[in-house]
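Remarks on the structure that follows.
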Amino acid sequence: MKRKRRTLLISSAVAIALIVVMTVVVHLPSVQRSVWNRIAETIEESSGWQVSVDELALRAMPARLRMRGVTVAFGGRTVASVDRIEARWGWIEAAAAPRRLDILVLEGVA
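The opening residue of the sequence shown carries number 13 in the working numbering; numbering runs sequentially from there.
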C-alpha cells in the first residue's frame, strides 16, 4: 500500500511539474513569436495575404491576446492596419460551438 501511495504521489508531482513548465514555456516571448511566424506564414501561403505584427503577447490564464502594430498587405500593398488588437475569452466558451470572445477591442483601424 505504501508503494502505491508513493507512486501516485510521484506521478502527481511529475504531472503538476509538466503543466507548470508548459505554462511557462507558452508565455515566453520567443515561443509566442515563433508560433505567430508559423501562423502568418500559413495565412500567406493559403491566401496570399501578408500579416505582420510588431508586438505580440498571449496569456493562457486569464485567456488574453494582445497585438500591436498589425499590418495586412496583399501584393506588397498595405490593405489595412490596426494599432492595437486585444481579445479575451473563457476557455469553456472558446471550446464550445459557436466559439465566442468575451472582449474584442480594435484601436486605430485604418
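Just so you know, even glycine gets a beta-carbon here, dropped at the ideal spot from N, CA and C.
From this set, A72, G102, L118, which residue's C-alpha is nearest S140's C-alpha?
-> A query on residue 140 cannot be resolved here, the shown segment of the chain reaching from 13 to 122 and no further.
Can you tell me whether M34 is buried or exposed, with buried defined as 16 or more other CB within 10 angstroms of its CB?
-> exposed
Taking 7 Å as the cut-off, decide whether the C-beta atoms of R111 and R96 are in contact.
-> no
Beta-carbon proximity of V146 to V91, cut-off 7 Å | Any property of residue 146 remains undetermined from this structure, which presents the chain solely from 13 to 122.
To which residues does DSSP link V91 through a beta bridge?
-> DSSP lists no partner for V91.
Below 7 Å between beta carbons: does that hold for V38 and A72?
-> yes
When the distance is taken between beta carbons, is E57 closer than 7 Å to S78?
-> According to the sequence displayed, residue 78 carries Arg and not Ser. No, they are not a contact pair.
Run through DSSP, which three-state label would L30 get?
-> helix
What residues are listed by DSSP as bridge partners for R100?
-> R76, I115
Just the Cα atoms here: how many angstroms apart are G120 and D66?
-> 14 Å
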